[in-house]
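Reminder that position 157 of the sequence shown reads as 156 in numbering that gives the first Met the number 0, one-by-one numbering, no gaps. Where a beta carbon is used, it is the ideal one built from N, C-alpha and C, also for glycine. A quick note: this is a predicted structure, and the numbers were derived from the prediction, not measured. For reference, the structure is listed below as structure tokens.
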Amino acid sequence: MHMPTPGDQTQGRILCVVGARPNFMKMAPIMAALGDLRSPPGLSLVHTGQHYDAAMNHQYFEALGIPQPDINLEVGSASHAVQTAEVMRRFEPVLDAVLPSAVLVVGDVNSTLACALVAAKKGVPVIHVEAGLRSFDRAMPEEINRILTDQISDLLFITERSGRANLLREGIAESRIHFVGNVMIDTLRRNLERSVPLSQILKDAGREDFLGGNAGYAVLTMHRPSNVDDPVILRTLLETVLKISRRLPVIFPMHPRTRAMIEEFGLEEMLDVPGLLLLSPMGYLEMLGLMKNARVMLTDSGGIQEETTALGVPCITLRNNTERPITVEEGTNTIAGQNPERILAAFEDILHSGGKAGRVPEFWDGQASTRIAAAIRGWLEHGSRS
Ligand code: UD1
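Dropping the structure here:
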């Protein structure tokens with residue numbers, strides 16, 4: 000942990016925060032790009048410990064070359080209130096000790112909001128990467144985290160142009176908003192060559208026979224509370240997946256929340272069918288390997304909507320909305336909600352026609368983190384609290 004010493008120029012130290020799986024692939028290129036600047040700012044990394052299982056956590060640090068965190072707050076799982084409060088309580092003394100020039104948060108998880116709030120209350124500027132995304136669905140915990148984090152951020156980096164309009168509507172000064180592109184796609188491009196082939200994943204799972212004579216496969220990920228916490232909705236979605244699995248084998252790396260819910264509702268048995276392969280959560284390079292050759296992705300993840308658009312792989316989103324509209328307007332994403340008919344219709348369309356063609360959105364070019372680092376450098380040098 001960096002502690003200030005007499006004579007230490009703490010101006011120019013950025014305290015970076017990660018907490019949960021989708022943060023890791025965003026933070027990796029940002030820290031690398033900041034470190035590559037000619038006179039780089041000091042960097043400290045805090046892991047809140049929101050995610051802690053090896054499969055959700057350590058694997059990502061190793062695969063993506065993220066520096067070991069200077070400190071892990073080890074908050075673990077709890078209700079939203081308790082988890083957010085615990086992050087805040089444990090983060091405050093770290094902020095006091097490091098005295099950074101800014102706190103940099105990414106994405107929309109509870110750790111993002113908790114650390115931004117602590118910093119803002121102490122007058123420490125907040126930098127938010129992946130700002131401005133809106134699903135307009137406040138039942139989604141991430142939507143609350145996005146709106147509140149953006150309100151208290153000083154520097155807001157957006158991935159798509161829709162973010163600017165959303166932020167301006169909410170009264171954010173235009174001078175704080177920077178359209179830089181998508182850091183997740185920086186990570187994707189850098190690691191595509193290193194992705195783990197499907198054959199290896201099947202071998203590791205002891206299921207080299209899984210695809211049989213089939214030419215392709217689908218991949219499913221699902222973990223949103225709105226999909227997995229309600230037994231009727233979860234059963235309906237799984238029944239739809241089973242129908243799909245009779246047409247195309249489905250590989251399902253299962254988030255711990257989803258596994259817990261399937262067990263709680265006694266739905267394990269229905270999933271014991273030949274066309275469905277249940278796996279533990281995948282590491283980043285494994286997931287990339289699975290996605291890049293998939294015939295179709297079925298998902299409720301935000302990040303996967305973007306990654307499939309960048310890869311040109313058809314994506315069916317099992318939600319009624321998206322905070323990433325460019326993946327629908329320009330990319331390969333189809334919003335199908337929780338309705339079996341809509342999901343199956345989208346699936347059949349992809350099987351027959353290959354789905355939407357799509358193109359890679361503006362600035363999803365692998366250079367977003369370089370743009371962010373340059374903007375932060377300028378901001379540190381010239382100072383800005385507009
Ligand atoms: C969190 C994020 C969500 C993100 C997702 C990616 C919030 C509000 N949600 O949801 O935006 O898409 O991460 O994974 O921040 N668990 C484990 N091991 C772990 C972590 C979690 O077993 O390492 C289990 C626990 O039973 C826990 C549950 O998963 O209660 C939910 O974890 P939590 O971090 O609260 O939210 P996620 O559903 O993972």
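Cβ pair residue i, residue j closer than 8 Å
i      : j      : result
Ala356 : Ala293 : no
Leu278 : Pro252 : yes
Glu159 : Arg318 : no
Leu287 : Leu191 : yes
Asp149 : Glu169 : yes
Gly18  : Gln49  : yes
Ala372 : Ala32  : yes
Ala27  : Val179 : no
Ile342 : Ile303 : no
Trp378 : Ile184 : no
Leu266 : Leu289 : no
Ser110 : Thr47  : yes
Arg137 : Leu155 : no
Glu306 : Leu219 : no
Pro399 : Thr308 : This structure leaves residue 399 out entirely; the chain is present only between 0 and 385.
Arg226 : Asp299 : Arg is not the amino acid found at residue 226; the sequence shown has Asn there. Going by C-beta atoms, Asn226 is nearer than 8 Å to Asp299.
Glu329 : Arg370 : no
Leu72  : Val81  : no
Ala53  : Tyr283 : no
Val104 : Ala115 : yes
Ile157 : His177 : yes
Glu340 : Ile200 : no
Val295 : Ile250 : no
Pro230 : Phe209 : no
Glu142 : Arg133 : yes
Val74  : Glu91  : no
Leu112 : Asn144 : yes
Ile345 : Thr333 : Reading off the sequence, residue 345 comes out as Ala, not Ile. Cβ atoms of Ala345 and Thr333: closer than 8 Å.
Thr235 : Gln337 : yes
Arg256 : Leu36  : no
Among the options, nearest to residue i - alpha-carbon criterion
i      : options                        : result
Ile126 : Pro140, Ala138, Val93, Asp107  : Asp107
Gly34  : Gly11, Glu306, Asp271          : Gly11
Ile243 : Glu263, Glu262, Leu270, Asp229 : Leu270
Pro40  : Cys15, Cys114, Arg234          : Cys15
Val93  : Pro230, Leu63, Ser43           : Ser43
Ile65  : Val45, Gln337, Ala80, Glu347   : Val45
Ala335 : Asn320, Ser78, Thr326, Leu103  : Asn320
Asp153 : Ser194, Leu233, Pro124         : Pro124
Ser76  : Ala84, Asp69, Ile70            : Ala84
Gly131 : Glu263, Ser161, Phe264         : Ser161
Leu275 : Phe60, Arg246, Val312          : Arg246
Arg258 : Pro273, Leu241, Leu233, Leu310 : Leu233
Lys291 : Val74, Glu173, Arg193, Arg88   : Arg193
Pro280 : Ala113, Met55, Met30           : Met55
Arg20  : His222, Pro230, Val195         : His222
Gly215 : Lys202, Leu197, Arg206, Asp203 : Leu197
Gly311 : Gly353, Ala345, Gln337, Ala344 : Gly353
Pro273 : Asn338, Glu207, Met139, Ile29  : Glu207
Met260 : Thr239, Ala204, Leu241, Asp228 : Asp228
His254 : Ile171, Glu173, Tyr51          : Tyr51
Ile151 : Val240, Ala96, Val102          : Val102
Thr60  : Asn22, Ser38, Asp95, Ser78     : The sequence given here places Phe at residue 60; Thr does not occur at that position. The candidate whose alpha carbon is nearest that of Phe60 is Asn22.
Counterpart residues of residue i in DSSP-defined beta bridges
i      : result
Val249 : Ala217, Leu275
Ala101 : Ile13
Residue i: CB within 7 Å of a non-hydrogen atom of the ligand COA
i      : result
Arg256 : Summarising the ligand content, the structure contains the ligand UD1 and does not contain the ligand COA.
Short CB-CB distance (under 8 Å) between residue i and chain B
i     : result
Asn56 : Included in the structure is just one protein chain, with no chain B present.
Residue ranges of each beta strand (DSSP E) within the stretch 283 to 336, 3 or longer
295 to 298, 314 to 316, 332 to 334
4 or more residues per run - each alpha helix (DSSP H) lying fully within the stretch 114 to 200
140 to 150, 161 to 168, 182 to 190
Where in the stretch 0 to 80 do unbroken runs of the alpha helix (DSSP H), each at least 4 residues long, occur, reported from the N-terminal end onward?
20 to 34, 57 to 63
If we require 3 or more residues per run, which beta strand (DSSP E) segments fall completely within the stretch 330 to 376?
332 to 334
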